[in-house]
Structure formats: C-alpha cells, structure tokens
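K.L.:
Provided herewith is a single structure, encoded as structure tokens, for subsequent inquiry.
2 protein chains.
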Amino acid sequence: MATVPLSAHETHEKKKAPPVAGVLPVFHERWSPRSFQDRDVSPETLAKIFEAARWAASSNNEQPWRFLVGTRGSETYQNIFESLVEFNRKWAGTAPVLVLGTTRATFSRGGAANRHALYDLGAATSYMTLQAAALGVATHQMAGFDPEKARTLLGIPAGYDIGAVIAIGYQDDPAKLSDPAFIERELAPRERKPLGEIVFEAWDHPMDLE
Amino acid sequence: MATVPLSAHETHEKKKAPPVAGVLPVFHERWSPRSFQDRDVSPETLAKIFEAARWAASSNNEQPWRFLVGTRGSETYQNIFESLVEFNRKWAGTAPVLVLGTTRATFSRGGAANRHALYDLGAATSYMTLQAAALGVATHQMAGFDPEKARTLLGIPAGYDIGAVIAIGYQDDPAKLSDPAFIERELAPRERKPLGEIVFEAWDHPMDLE
Chain Z
1 MATVPLSAHE THEKKKAPPV AGVLPVFHER WSPRSFQDRD VSPETLAKIF EAARWAASSN
61 NEQPWRFLVG TRGSETYQNI FESLVEFNRK WAGTAPVLVL GTTRATFSRG GAANRHALYD
121 LGAATSYMTL QAAALGVATH QMAGFDPEKA RTLLGIPAGY DIGAVIAIGY QDDPAKLSDP
181 AFIERELAPR ERKPLGEIVF EAWDHPMDLE
Chain G
1001 MATVPLSAHE THEKKKAPPV AGVLPVFHER WSPRSFQDRD VSPETLAKIF EAARWAASSN
1061 NEQPWRFLVG TRGSETYQNI FESLVEFNRK WAGTAPVLVL GTTRATFSRG GAANRHALYD
1121 LGAATSYMTL QAAALGVATH QMAGFDPEKA RTLLGIPAGY DIGAVIAIGY QDDPAKLSDP
1181 AFIERELAPR ERKPLGEIVF EAWDHPMDLE
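Protein sequence lines, in the order shown, are assigned to chains Z and G. The numbers in my numbering rise by one with no breaks, and the one at position 111 of the first sequence is 111. Convert by adding 1000 to the 1-based position in the second sequence; the result is the number in my numbering.
Next comes the structure, spelled out in structure tokens:
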C-alpha cells in the first residue's frame, strides 16, 4: 500500500469545498468519510444532532421521520450493520453509531398516503448531518443496504418507509482504512455539478446566476 | 378583522424556536411565512441559496436535483403559480420567486431507478432553505399543488419526479395577509414532536437523550 501522507485533520481540510462569501461554512465543510475513530459519540452530542432534525420542515408538519439508533455493541447496531451490503461492511463497522432513518408513509390525520415522506426524511437527515458537522462529528449516509432485511431484523412495520443508513462518529486518518480503494476515495476531491446544470429558468434553459 | 399587533420583525422573533446550546441557530430560526414583501430577491442572493443546495449529499453523488426558478412576471412563475391549489394561490402570489424542485428518477450511469431521488431532493432543498434563512430570506415549501399540471405546463420529462414548490422572498407583516386564517397561522407558535417520539434505540423503545 502506498504511503498516505495525510492525517485526519489534513484530510478534512483538503475535503472542504471552497468557501463562498455569504454562504454558511457548514455546507462546504460537511463531507462523508469512511475512516472513524474508536471514540464514542456521547448522548449529549447525539441529542444536539437530533435536536436539529426536529426542526426540519415537513408536509403538513407531519414530522414523519423516525430514527433507529444503534450504538456500538447494541443489538440495533448489529442489525443495521448486517443489513449493509458487503462494500459498506468493510468500513462502516468502525463508526460508533449507525442510524437507520425511517418515515411514516401516511398522514397521522386521515391516513392518506404522504408522497413527501421520504423527501421530508431526507430534509431532517440533512439537518442532522449539518449539525453534526458543526460539532466536528462526521456522518456518512449510505444507500447500500438491504431495506427489507433491515425491516425484518429491526421489526419496522409496513406503514413506515426506509430511507438511508447514517454512520456517525469522529473522523480518523485515511491510512486506517482497510482497502486501498477506500483510501483513494477518502482523499479524492469532492465534486459537484455547476449551478448551470441544476438551476433553470425553464426546462433545459439554465438560469444565469454566475 | 382583529388588530394584528406584530410587525414582520416581531413575528419572526416570536416564531424562532428556543435556542439550544451547541446547536446552530439557523435550524431554530428558519420558519415558513405566508406574508412576503414586494422586494425582489437578487440573482446574487439566489446564487448563494442554490450554492448551498449544490453541496448536499446524494446517493452515488448523483446530485439528481433540478430546480425550475420562476421570478415574478415570468412564464415559469405563472406556470408554477397555476399549478398550486387554491389555498396556496391565496398567499403565494406575493412571493417574488417560486421554485419547483424536480429530481432525476434514474441514475445517469446505468439507468437503474434511484430510490433516493426524492430523499436527496428533500436534502438539497433543505440546504437552500437554511442558507436562505441565514441571509434573512424566507422560504415556504408547499406540497399543495398539482404535480401533473406542473409537469405539463412546465414541460418536465417523464424521467424526473416532482418534489415541492418553494416560495422565496422577504417576510412581511402578518396583517398584509388576505385571510384571517392565514394571519392566525402566521402568529401561531411552531410545534415539533419531542425527541422521545422520533429517536429510538429499538422500534417503539425511545432512546434516552433528554
């Protein structure tokens, strides 16, 4: 394996997107590492992270999000871990906390289908990840897991849809990753589409904002 | 109509959720008004709001979000407005900007269905609303519109799913709202479930974080 010259801190600095004047730094500072320290995340810190999630907007203020939190050594942690695809099992077990995001698929009043249930879960989870970043806590959301396996292992009722798994912990040195491919990803620059590819004044007519 | 004693500023102060030490203030300060000033939102400000959206996390870094932006007087604005349900037409026309959030339903590489397309759009949109709040710009997301009418009027292809409409502008006094029911909502306290109803260590077993 090639020498990895960067520490956790140096990697974090390198991963930050370029700041933009007037834009909150937290959007550019949040990223998704795979190398996590042994260090636990305290209940007080988790409370702050979920406090942010509480205040997300939701359709009809339904707040459909429900988070299942597994801390290392717990049965919930083990069940979430077992639902991961092999690729993610290679690194996610170093994170001290694994969360499964679920969302109520119908409105509590009236019972109609809530077509924004996953959309609102995505919002609440993004609040979590931003608040974590503000506390120096790293998060990594994963789509790579078997949602039906997770449903069975964790006993999630049919009326709830499953979103993503979120690894939470403190970022560690890239060199501690088991797989050279992970180290490469850990050090690769973050990439995003320019505004011209995501903001339009009519379909296929980019808006001139830059 | 009863006298409304609160100005836009007083209403905003009253709407803020109680701050929590260590939690970024922006989560508690963002809320969704219905009364908007005539004042336009500059392209520079919109660029900052969408810059935040760029950096949301997404499954496979697909960045599936595409935003259609209507500024007052434009055809896009009119088309988004016409897709709203009557309830929202009563107030949303005062906002200088109406955005329709859409999301690519398949992965660009391989073409498989992206089951997180709406989830990721919800995340990117929440970044927008937080960044707007940080700039003193108000946003109000709406589920109350006809997505198929919006699709037809705006020419959105079948491969894209439709999320929410987002009104963007500067908050105005509640008294300027046309309907007493809107004024009442504008002044009502924001309510959220306690952590014990959204964070669990096993299904139906709340986590002790408070």
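All residues carry an ideal CB built from backbone N, CA and C; glycine is no exception. If you're wondering where the values come from, they're calculated on a predicted model, not measured in any experiment.
1. Taking Cβ-Cβ distances shorter than 7 Å, what residues in chain Z pair up with G:Met1207?
2. Determine the closest residue to G:Ile1198 out of G:Pro1147, G:Glu1210, G:Asp1161, G:Gln1171, with distance taken between C-alpha atoms.
3. Taking Cβ-Cβ distances shorter than 8 Å, what residues in chain G pair up with Z:His116?
4. Is the Cβ-Cβ distance between Z:Pro174 and Z:Leu6 less than 8 Å?
5. Determine the chain G residues that contact Z:Leu135 at a beta-carbon separation under 8 Å, and present them in chain order.
6. What ranges does the beta strand (DSSP E) occupy inside the stretch 1020 to 1089 of chain G, keeping only unbroken runs of at least 3 residues that lie completely in it?
7. Against G:Trp1091, what residues of chain Z qualify as contacts under a CB-to-CB distance less than 9 Å, listed in chain order?
8. Assuming Z:Phe36 contacts Z:Ala167 under a Cβ cut-off of 8 Å, what Cβ separation, rounded to an integer in Å, is found between them?
9. Can you check whether the CB of Z:Gln131 is closer than 8 Å to the CB of Z:Ala52?
10. Can you name the start and end residues of the alpha helix (DSSP H) that G:Thr1011 belongs to?
11. Short of 7 Å Cβ to Cβ, which residues in the stretch 177 to 189 of chain Z face chain G?
12. Using a 10 Å radius around the Cβ and a threshold of 16 neighbouring Cβ atoms, would you call G:Asp1120 buried or exposed?
13. Interface residues of chain Z around G:Ile1198 at Cβ under 9 Å?
14. Compare the beta carbon distance of Z:Thr102 and Z:Leu68 with 8 Å and say whether it is the shorter of the two.
15. Note down, in chain order, each residue of its chain lying with its Cβ closer than 8 Å to the Cβ of G:Leu1187, except the 5 sequence neighbours on either side.
16. Around the Cβ of Z:Lys16, are there at least 16 other Cβ atoms within 10 angstroms (buried) or fewer (exposed)?
17. Name the chain G residues that come within less than 7 Å of Z:Pro127, Cβ to Cβ?
18. I'd like the span of the beta strand (DSSP E) that includes G:Glu992, first residue to last.
19. What residue does the beta strand (DSSP E) around G:Arg1185 start on, and which one ends it?
20. Using the C-alpha atoms, what's the distance from Z:Leu118 back to G:Leu1154?
21. Out of G:Asp1038, G:Arg1039, G:Gly1022, G:Pro1018, state which residue places its alpha-carbon closest to the alpha-carbon of G:Glu1029.
22. Going along the chain, which residues of its own chain have a beta-carbon closer than 6 Å to the beta-carbon of G:Met1001, five neighbours each way excluded?
23. At least one CB of chain Z closer than 8 Å to the CB of G:Met1001: is that the case?
24. Tell me the rounded alpha-carbon separation between G:Arg1089 and G:Ala1095.
25. Does DSSP put Z:Asp161 in a helix, in a strand, or in coil?
26. Taking the alpha-carbon positions, what's the G:Pro1064 to G:Thr1106 distance?
27. Using only CA atoms, which one of Z:Glu44, Z:Ala134, Z:Ser83, Z:Arg109 lies nearest to G:Met1207?
28. Would you kindly work out how many angstroms separate the C-alpha atoms of Z:Gly93 and G:Asp1146, rounded to a whole number?
29. Short of 8 Å in beta carbon distance, which residues of its chain neighbour Z:Gly136, apart from the five on each side in sequence? Order them along the chain.
30. State buried or exposed for G:Asn1061, treating a residue as buried only when at least 16 other CB atoms are found within 10 Å of its CB.
31. Which residues does DSSP pair with Z:Ile156 in a beta bridge?
32. Tell me whether Z:Ala112 sits in a helix, a strand or coil according to DSSP, three-state version.
33. For a cutoff of 8 Å on Cβ pairs, would you count G:Ile1168 as touching chain Z?
34. What residues in the stretch 1074 to 1085 of chain G bring their beta carbon closer than 8 Å to a beta carbon of chain Z?
35. Taking all protein chains shown into account, decide if G:Thr1152 is buried (16 or more other Cβ within 10 angstroms of its Cβ) or exposed.
P.N.:
Once the coordinates are examined:
1. Here residue 1207 of chain G refers to the residue found at position 207 of the second sequence. Result: Val69.
2. Counting from one through the second sequence, the residue named residue 1198 of chain G turns up at place 198. Nearest C-alpha to G:Ile1198: G:Glu1210.
3. On the first sequence, residue 116 of chain Z is found 116 positions in, with the first residue counted as 1. Those within 8 Å of Z:His116 in chain G are Leu1118, Gly1122, Ala1143, Gly1163, Ala1164.
4. Reading the first sequence from its first residue, position 174 is the one you call residue 174 of chain Z. Reading the first sequence from its first residue, position 6 is the one you call residue 6 of chain Z. Contact: yes.
5. Against the first sequence, residue 135 of chain Z aligns to sequence position 135. Those are Gly1022, listed as they occur along chain G.
6. Counting whole runs of 3 or more residues, the stretch 1020 to 1089 of chain G contains the beta strand (DSSP E) stretches 1065 to 1071.
7. Within the second sequence, numbered from 1, the residue matching residue 1091 of chain G stands at position 91. Here the premise fails: no neighbours, minimum Cβ distance about 16 Å.
8. Position 36 of the first sequence, counted from the start, is the residue given in the question as residue 36 of chain Z. Position 167 of the first sequence, counted from the start, is the residue given in the question as residue 167 of chain Z. Indeed they touch by this definition, with Cβ atoms about 7 Å apart.
9. As a first step, residue 52 of chain Z must be located in the first sequence, where it is residue number 52. As a first step, residue 131 of chain Z must be located in the first sequence, where it is residue number 131. Yes, they are a contact pair.
10. Indexing the second sequence from 1 puts residue 1011 of chain G at position 11. Membership of G:Thr1011 in the alpha helix (DSSP H) is indicated by the continuous run 1008 to 1015.
11. none
12. One-based indexing of the second sequence puts residue 1120 of chain G at position 120. That one is buried.
13. Sequence index remark: in the second sequence, residue 1198 of chain G carries index 198 (1-based). What G:Ile1198 touches in chain Z: Phe50, Ala53, Arg54, Gln63, Trp65, Arg66, Phe67, Ala124.
14. Counting from one through the first sequence, the residue named residue 102 of chain Z turns up at place 102. Counting from one through the first sequence, the residue named residue 68 of chain Z turns up at place 68. In contact: Z:Thr102 and Z:Leu68 (Cβ atoms closer than 8 Å).
15. Taking the first residue of the second sequence as 1, we reach residue 1187 of chain G at position 187. If we look at G:Leu1187 and ignore the five residues flanking it on each side, its Cβ neighbours are Val1004, Leu1006, Thr1011, Lys1014, Pro1174.
16. Here residue 16 of chain Z corresponds to residue number 16 of the first sequence, with the count starting at 1. The residue is exposed, with fewer than 16 neighbouring Cβ atoms inside 10 Å.
17. Taking the first residue of the first sequence as position 1, residue 127 of chain Z is located at position 127. The displayed chain sequence assigns Tyr, not Pro, to residue 127 of chain Z. The contacting residues are Phe1027, Ser1126.
18. Here chain G has residues from 1001 to 1210 only, and residue 992 of chain G is not among them.
19. Within the second sequence, the letter at position 185 stands for residue 1185 of chain G. Per DSSP, G:Arg1185 belongs to no beta strand (DSSP E); it is in the alpha helix (DSSP H), 1180 to 1187.
20. As a working mapping, residue 1154 of chain G is identified with position 154 in the second sequence. As a working mapping, residue 118 of chain Z is identified with position 118 in the first sequence. Going by the C-alpha atoms only, they are around 24 Å apart.
21. Working through the second sequence from its first residue, we reach residue 1029 of chain G at position 29. When each option's Cα is compared against that of G:Glu1029, the closest is G:Pro1018.
22. Working through the second sequence from its first residue, we reach residue 1001 of chain G at position 1. Only weak support exists for where G:Met1001 lies, its pLDDT of 48 falling under 50; the value from the coordinates is given anyway. Cβ within range, chain order: Pro1180.
23. Numbered from 1 along the second sequence, position 1 holds the residue referred to as residue 1001 of chain G. Confidence in G:Met1001 is poor, its pLDDT being 48 and thus under 50, which makes the residue's placement too unreliable to answer from.
24. Residue mapping note: residue 1089 of chain G aligns to position 89 of the second sequence, counting from 1. Residue mapping note: residue 1095 of chain G aligns to position 95 of the second sequence, counting from 1. Looking at the two C-alpha atoms, the distance is approximately 11 Å.
25. Here residue 161 of chain Z corresponds to residue number 161 of the first sequence, with the count starting at 1. Of the three classes helix, strand and coil, the one that applies to Z:Asp161 here is strand, per DSSP.
26. Locating residue 1064 of chain G in the second sequence gives position 64, where the first residue counts as 1. Locating residue 1106 of chain G in the second sequence gives position 106, where the first residue counts as 1. Computed Cα separation, rounded: 8 Å.
27. If you number the second sequence from 1, residue 1207 of chain G lands on position 207. Looking only at Z:Glu44, Z:Ala134, Z:Ser83, Z:Arg109, the smallest Cα-Cα distance to G:Met1207 is reached by Z:Glu44.
28. The sequence position of residue 93 of chain Z within the first sequence is 93, counting from 1. The sequence position of residue 1146 of chain G within the second sequence is 146, counting from 1. A direct Cα-Cα distance of roughly 44 Å separates Z:Gly93 from G:Asp1146.
29. As a first step, residue 136 of chain Z is located in the first sequence; it is residue number 136 there, counting from the start. Correct list, in chain order: Tyr170.
30. Counting from 1 along the second sequence, the entry for residue 1061 of chain G is found at position 61. Answer is exposed; the Cβ neighbour count stays below 16.
31. Mapped onto the first sequence, residue 156 of chain Z falls at position 156. Answer is none; Z:Ile156 lacks a bridge partner.
32. The count along the first sequence starts at 1 and reaches residue 112 of chain Z at position 112. It is coil, neither helix nor strand.
33. By one-based count along the second sequence, residue 1168 of chain G stands at place 168. Taking Cβ atoms only, chain Z never reaches closer than 8 Å to G:Ile1168, which makes this a no.
34. Ser1074, Glu1075, Thr1076
35. For the purposes of this step, residue 1152 of chain G is identified with residue 152 of the second sequence, where counting begins at 1. Per the 10 Å Cβ criterion, exposed.
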